[in-house]
Amino acid sequence: MPEADSGDAKNFQTDVPPPADGFFLKGSGSLDWGMSNRLSRIFRPETGRTVMLAIDHGYFQGPTTGLERVDISILPLVPLADALMCTRGILRSVVPPSMRTPVVMRASGGPSILKELSDEQIAIDIEDAARLNVAALAVQVFIGGEHETQSIHNLTRLVDMGLRYGIPVMGVTAVGKQLTRDAKYLRLACRIIAELGAQFVKTYYCDEGFDTVTASCPVPVVMAGGKKLPELDALTMASRAVTEGAAGVDMGRNIFQSDNTEGMMRAVTAVVHERKSPQEALEIYRSHRAAPVGHSSTR
Ligand code: 5RP
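So, in C-alpha cells, the structure goes:
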C-alpha cells in the first residue's frame, strides 16, 4: 500500500525564497545545465578560475620536448590539474579512464609544423567527444591568418555541435609567425571568438593592456603559457594575467618543460587559486623539487 500523502505533514517552506543566483562565470548565465556543469568541472566554482595542463602540442609538433613519453612525464601531474587539454589519440592510448580530471579536447588539426598552420579543419566527431565524456572542445582560430575564414568556420560549426550536446567550446587565439601579440590584436581575436559563440577563450599574455583584452571579452579568458620561461617569470606572468582579469591559465611548456614539473604545477595552482605572490609560489616550486619522475601525486 502506498503511504497516505498527507498535505498537512509537508513543509513547503513558503517563507524561504528559492535561490536566484547567477552562474559564477562571466557571460555564462544563459547556458544549458549540461554545459554549465561541464564548465563547473573545468573552472573551480569557489575561485572562478582554472589551472589547465595543456599537452596537445603533438597534434602538429609530434613528440615535442617534455612530451616524448606522456605516460611517464605527464600522468603523475594529471591529478594536480583542474583540466587536461589533450588529443583523443593520447587520451585513448595513454590516459587511464579512471582519471577523474576533466578533459578539454583538441578538436582541430590538419597541418604539421612543416606546413601552413592555419589550414586546419575540425578533427573530431561530436559523438566521439560525447563518448569520451569531454568537458570541452578546443579549436584554433587564426585571426589575420591565411585561412582565417576556414578557422572561423571550424569554430562556428563546433559551437553548433557543442550546443546540441551541451559541450562548451574553447576558442584559441592562434598567433602565426607574422602576427604580433599586442593588446590590439588579442582584443580583436578574443572578441571575435566570443562573438561567434565560444563559451571561453584561450589567449596569450601581453605586457601592455592585457586588462583591456579580458575586459572586452564577454566570456572567460584563460592565459596560454607560450614558450618556456624561467620559472619565476612564468609565475609572474600567470599572476599578472589573473590580476588583470584572466579566469586562470592553460599552460603547457612552462610546466612540462620545467626541471621540476610537479613543483611547477603546484606553484601555478598557488598563484591562480590561492593568489600567492610569484615569489611565494617559487618557494612552493622549490620545495617540491625532490619528486622523482613517475612519482604519483594526489590532488
Ligand atoms: C597549441 C595550444 C597549446 O595547448 C597552447 O599553446 C598551450 O601550451 P603552451 O603553454 O605551451 O603555449 O593551443 O596550439
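Numbers 11 to 309, taken from our numbering, label the letters of the sequence shown in order. By construction, the Cβ of each residue, glycine as well, lies at the ideal position given by its N, Cα and C atoms.
- Where F210 is concerned, the enclosing beta strand (DSSP E) starts and stops at F210 to T213.
- Contiguous beta strand (DSSP E) elements confined to the region 135–161 occur at 146–151, taking only those with 3 or more residues.
- Apart from sequence neighbours up to five positions away, the residues of its chain that approach N270 with a beta-carbon distance below 7 Å are Y295, H298 and R299, ordered along the chain.
- Apart from the 5 residues on each side of it in sequence, L165 sits with its Cβ closer than 8 Å to the Cβ of V149, V151, V179, G181, I203, L206, G207 and A208 in its chain, given in chain order.
- Annotation: the continuous alpha helix (DSSP H) that includes R98 extends over R98 to V104.
- Under the three-pair Cβ rule at 8 Å, the region 271–279 does not count as touching the region 220–231.
- Looking at G176, L85 and F210, the one whose alpha-carbon comes closest to that of E137 is G176.
- The criterion of a C-beta distance shorter than 8 Å is satisfied by M115 and L142.
- Pairing D129 with M95 gives a Cβ-Cβ distance that is not under 8 Å.
- Your pair R59 and A257 checks out as a contact, with CB atoms roughly 5 Å apart and the cut at 8 Å.
- No heavy atom of the ligand 5RP is found nearer than 7 Å to the CB of N270.
- Within the model, the alpha-carbon separation for H157 versus V169 is close to 19 Å.
- Between A117 and A140, the C-beta gap is not smaller than 8 Å, which leaves the two residues out of contact.
- For A133, the shortest separation between its Cβ and any heavy atom of the ligand 5RP does not lie below 7 Å.
- Residue environment for N21: exposed (fewer than 16 other C-beta atoms within 10 angstroms of its C-beta).
- When DSSP states are grouped into helix, strand and coil, V229 belongs to the coil group.
- Approximately 4 Å separates the beta-carbon atoms of P112 and A145; this is inside 8 Å, confirming the contact.
- Take the alpha-carbon of T75 and the one of V232: they are about 23 Å apart.
- About 6 Å separates the CB atoms of R201 and C227; that is less than 8 Å, so the two are in contact.
- DSSP, read as helix, strand or coil, puts A244 in helix.
- The closest heavy atom of the ligand 5RP lies less than 7 Å from the beta carbon of H67.
- Unbroken beta strand (DSSP E) stretches of 3 residues or longer found wholly inside the region 41–68: 60–64, given in chain order.
- Under the three-state reduction of DSSP output, G273 falls in the helix class.
- Bridge partners of I177 according to DSSP: none are assigned.
- Here R116 is bridged, per DSSP, to A148.
- According to the DSSP assignment, V80 belongs to the alpha helix (DSSP H) that extends over V80 to S83.
- Judged by DSSP in its simplified three-state form, D170 adopts helix.
- A straight line joining the alpha-carbon of L127 with that of I162 spans about 14 Å.
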